[in-house]
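Student: Quick note on this note's numbering: the sequence shown kicks off at 2 and runs consecutively.
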Amino acid sequence: MNDETAPMTLLAPPANVEIVEVAPRDGFQSIRDPLPTIDKQRCISALVDAGITRLEIGSFVSPKAIPQMADTGKLIEAFADQPALRLSALVPNLKGAELALAHGIREVVYVVSVSESHNRSNVRRSVDESLEDLGRVAERLRQTEGTRLRLDLGTCFDCPFEGTIDWQQVDRVLSQATRLADGLPMEVALCDTTGRASPYQVAEHFTQLRERHGGKGLAWAFHGHDTYGMGVANALFAIHHGATAMDSACAGLGGCPFAPGATGNTATEDLLYALQGGKVATGIDLSKLLVAADLIAALPGGQTASHLRQVPRERMR
Numbered sequence: 002m003n004d005e006t007a008p009m010t011l012l013a014p015p016a017n018v019e020i021v022e023v024a025p026r027d028g029f030q031s032i033r034d035p036l037p038t039i040d041k042q043r044c045i046s047a048l049v050d051a052g053i054t055r056l057e058i059g060s061f062v063s064p065k066a067i068p069q070m071a072d073t074g075k076l077i078e079a080f081a082d083q084p085a086l087r088l089s090a091l092v093p094n095l096k097g098a099e100l101a102l103a104h105g106i107r108e109v110v111y112v113v114s115v116s117e118s119h120n121r122s123n124v125r126r127s128v129d130e131s132l133e134d135l136g137r138v139a140e141r142l143r144q145t146e147g148t149r150l151r152l153d154l155g156t157c158f159d160c161p162f163e164g165t166i167d168w169q170q171v172d173r174v175l176s177q178a179t180r181l182a183d184g185l186p187m188e189v190a191l192c193d194t195t196g197r198a199s200p201y202q203v204a205e206h207f208t209q210l211r212e213r214h215g216g217k218g219l220a221w222a223f224h225g226h227d228t229y230g231m232g233v234a235n236a237l238f239a240i241h242h243g244a245t246a247m248d249s250a251c252a253g254l255g256g257c258p259f260a261p262g263a264t265g266n267t268a269t270e271d272l273l274y275a276l277q278g279g280k281v282a283t284g285i286d287l288s289k290l291l292v293a294a295d296l297i298a299a300l301p302g303g304q305t306a307s308h309l310r311q312v313p314r315e316r317m318r
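1) Are L36 and Q69 close, meaning C-beta to C-beta below 8 Å?
2) My guess is that L151 and E108 are in contact by the Cβ rule of under 8 Å, so how many angstroms apart are they, rounded?
3) Hey, could you find the ends of the beta strand (DSSP E) Y229 is sitting in?
4) Between G196 and G284, what straight-line distance do the alpha-carbon atoms span, to the nearest angstrom?
5) For K320, count the other beta carbons within 10 Å of its own beta carbon; 16 or more makes it buried, fewer makes it exposed. Which is it?
6) Out of K65, A81, D72, Q144, which one is the CA nearest neighbour of V49?
7) On the premise that V171 lies in contact with C160, defined as a C-beta separation below 8 Å, what is that separation, rounded to the nearest angstrom?
8) Under a Cβ-count criterion, where at least 16 other Cβ atoms within 10 Å of its own Cβ denotes burial, should P301 be classed as buried or exposed?
9) Give me, in chain order, the residues of the same chain whose beta-carbon lies closer than 7 Å to that of L95; leave out the 5 immediate sequence neighbours on both sides.
10) Tell me, please, whether the segment 224 to 244 touches the segment 310 to 317 by the rule of three or more beta-carbon pairs shorter than 8 Å.
11) Can you give me the Cβ contacts of R211 inside the same chain, cut-off strictly under 6 Å, excluding the 5 residues immediately before and after it?
12) With DSSP collapsed to three states, give me the class of V109.
13) Per DSSP, what are the beta-bridge partners of T165 in this structure?
14) Quick check on H241: does DSSP put it in helix, strand or coil?
15) Does DSSP classify D183 as helix, strand or coil?
16) For I45 versus P25, is the C-beta spacing smaller than 8 Å?
17) Kindly indicate which three-state DSSP category N17 falls into: helix, strand or coil?
18) Are the beta-carbon atoms of A252 and T305 separated by less than 8 Å?
19) If you count every other CB in all the chains shown that lies within 10 Å of the CB of P64, and 16 or more means buried, which is it?
20) Of the choices T148, R55, A239, D27, whose alpha-carbon is the least far from that of V62?
21) Count the other CB atoms within 10 Å of the CB of P93; is the residue buried (16 or more) or exposed (fewer)?
22) Sort out for me which residues DSSP pairs M247 with in a bridge.
23) CB E57 to CB V23, shorter than 8 Å?
24) G59 by DSSP, collapsed to three states: which one?
25) Report the three-state DSSP secondary structure of S89 (helix, strand or coil).
26) If I follow the unbroken alpha helix (DSSP H) through A139, where does it start and stop?
27) Report the rounded CA-to-CA distance for T245 versus A299, giving the unit in angstroms.
28) Considering Cα atoms alone, identify which of T145, G97, Q144 is closest to V124.
29) Tell me which residue opens and which closes the alpha helix (DSSP H) that N123 is part of.
30) Which same chain residues end up closer than 7 Å to W168 when comparing Cβ atoms and leaving out the 5 residues on each side of it in sequence?
31) At which residues does the alpha helix (DSSP H) containing D34 begin and terminate?
32) Is the CB-CB distance between V115 and I166 below 8 Å?
33) In whole angstroms, give me the CA-to-CA distance for S89 and L11.
34) What three-state label does DSSP hand D193 in the structure shown?
Here you go:
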């Protein structure tokens, strides 16, 4: 044993963490054949019943590109009368943002990959072109009272085409984005699109980026996948290095259609179990969440990756 090794410090859990449920968008879009809207509503209702309050309900993208998202407007209408719900919708461009606002969405999720190759594969534009459009989206949001921007930075840790992504590359894109969105309430999500990030890489990215952008009033989030079994570990390291919101998908449903090999999102129930072990408040009922997970896992064509669903329910009591 090396006596000069620095002692490990105990990680004190935060009092609370926000869970952003992304199964209705990132999860459902991974299913090729469009699901009946009523089935989606049933799943979302079960999530709300479990205590989910932040929900990425869909995206305003071309129905030719992702037919599964064509009924996003109907889903928003179905849940618009629940003031406790904080609904958001992903948009790839100004047209999508206009549609989201027209449907009553006040939290727009704009996605840009820090990897040039992945951004072109995902939205068929260069990173600079996506950032230019971000400026237009931000200007449109400034014209509407009560709006906020969620910036999803894709491939922050790894790209399926370019390999490992260092924090400096993320910083270059984030620096431009914060200038373009100046004055807007903004949450920045570092996205592990392929699921290849390690906890220590997550820690370094959050530490470096929060230090560089600490005076801008940004909120921080993490979006992970469990492709390599690191989903919950990465989320916990993100939390302990400054993230206050965690994206996850009930039942671990998901997988990016533009990231070959990426499997399901980190399962909400797996993450919740870990957080409950530290007495971290989320407002979510685990037993009810597992009911929602069973509904989602039963959807035809879905790829799920939940560990907790495999545990006999009697052992969960």
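Note that beta-carbon positions come from the ideal geometry of N, C-alpha and C, so glycine has one too.
Tutor: Reading it off the structure:
1) Translated into the one-based positions of the sequence shown, residue 36 becomes position 35. Translated into the one-based positions of the sequence shown, residue 69 becomes position 68. Contact flag set, yes.
2) Reading the sequence shown from its first residue, position 150 is the one you call residue 151. Reading the sequence shown from its first residue, position 107 is the one you call residue 108. Note on residue identity: the sequence assigns Arg, not Leu, to residue 151. Rounded, the Cβ-Cβ distance is 6 Å, consistent with contact.
3) Taking the first residue of the sequence shown as position 1, residue 229 is located at position 228. Run containing Y229: none; DSSP gives neither H nor E here.
4) Here residue 196 corresponds to residue number 195 of the sequence shown, with the count starting at 1. Here residue 284 corresponds to residue number 283 of the sequence shown, with the count starting at 1. So the alpha carbons of these two residues sit roughly 27 Å apart.
5) Outside the displayed span of the chain (2 to 318) sits residue 320, for which this structure offers no information.
6) On the sequence shown, residue 49 is found 48 positions in, with the first residue counted as 1. Cα-wise, what sits closest to V49 is A81.
7) Position 159 of the sequence shown holds residue 160. Position 170 of the sequence shown holds residue 171. Not really, about 11 Å apart at Cβ, beyond 8 Å.
8) Translated into the one-based positions of the sequence shown, residue 301 becomes position 300. Exposed: under 16 other Cβ atoms inside 10 Å.
9) On the sequence shown, residue 95 is found 94 positions in, with the first residue counted as 1. So the qualifying residues of the chain are D134, R137, V138, R141.
10) In short, these stretches do not touch, since the Cβ pair count stays below three.
11) Position 210 of the sequence shown, counting from 1, holds the residue named residue 211. The residues are G243.
12) Stepping through the sequence shown from its first residue, residue 109 is reached at position 108. Here V109 sits in strand by DSSP.
13) Taking the first residue of the sequence shown as 1, we reach residue 165 at position 164. Residue pairing from DSSP places T165 in a beta bridge opposite D159.
14) Against the sequence shown, residue 241 aligns to sequence position 240. H241 falls in the coil class under three-state DSSP.
15) Position 182 of the sequence shown holds residue 183. It is coil, neither helix nor strand.
16) Within the sequence shown, numbered from 1, the residue matching residue 45 stands at position 44. Within the sequence shown, numbered from 1, the residue matching residue 25 stands at position 24. Going by C-beta atoms, I45 is nearer than 8 Å to P25.
17) Locating residue 17 in the sequence shown gives position 16, counting from the first residue. DSSP places N17 in strand when its eight states are reduced to three.
18) One-based indexing of the sequence shown puts residue 252 at position 251. One-based indexing of the sequence shown puts residue 305 at position 304. Pairing A252 with T305 gives a Cβ-Cβ distance under 8 Å.
19) Your numbering for residue 64 matches position 63 in the sequence shown. P64 comes out exposed.
20) As a working mapping, residue 62 is identified with position 61 in the sequence shown. The option with the nearest alpha carbon to V62 is D27.
21) Along the sequence shown, one-based indexing puts residue 93 at 92. The residue is buried, with at least 16 neighbouring Cβ atoms inside 10 Å.
22) Taking the sequence shown and counting its residues from 1, the one referred to as residue 247 is at position 246. For M247, which the question treats as bridged, DSSP gives the partners I20, F223.
23) Here residue 57 refers to the residue found at position 56 when the sequence shown is read from its first residue. Here residue 23 refers to the residue found at position 22 when the sequence shown is read from its first residue. Yes, the pair counts as a contact, with Cβ atoms nearer than the cut-off.
24) Reading the sequence shown from its first residue, position 58 is the one you call residue 59. Strand.
25) Sequence index remark: in the sequence shown, residue 89 carries index 88 (1-based). DSSP places S89 in strand when its eight states are reduced to three.
26) Indexing the sequence shown from 1 puts residue 139 at position 138. Counting along the chain, the alpha helix (DSSP H) containing A139 begins and ends at 128 to 143.
27) Locating residue 245 in the sequence shown gives position 244, counting from the first residue. Locating residue 299 in the sequence shown gives position 298, counting from the first residue. Taking the straight line joining both Cα atoms gives about 31 Å.
28) Here residue 124 is taken as the residue at index 123 of the sequence shown, counted from 1. Of T145, G97, Q144, the residue nearest in Cα terms is G97.
29) What you label residue 123 is simply residue 122 of the sequence shown in a count that begins at 1. Here the alpha helix (DSSP H) through N123 covers 117 to 124.
30) In the sequence shown, the residue the question calls residue 168 occupies position 167. Sequence-distant Cβ neighbours of W168 in its own chain, meaning closer than 7 Å and more than five residues away, are E205, H206, Q209, L210.
31) The sequence position of residue 34 within the sequence shown is 33, counting from 1. Unbroken run through D34: none, as it is neither H nor E.
32) The residue given as residue 115 occupies position 114 in the sequence shown. The residue given as residue 166 occupies position 165 in the sequence shown. With respect to I166, V115 sits close: the two C-beta atoms are nearer than 8 Å.
33) On the sequence shown, position 88 is the one that residue 89 refers to. On the sequence shown, position 10 is the one that residue 11 refers to. S89 and L11: Cα-Cα distance of roughly 35 Å.
34) Taking the sequence shown and counting its residues from 1, one reaches residue 193 at position 192. Looking at D193 - three-state DSSP - the assignment turns out to be coil, as it is neither helix nor strand.
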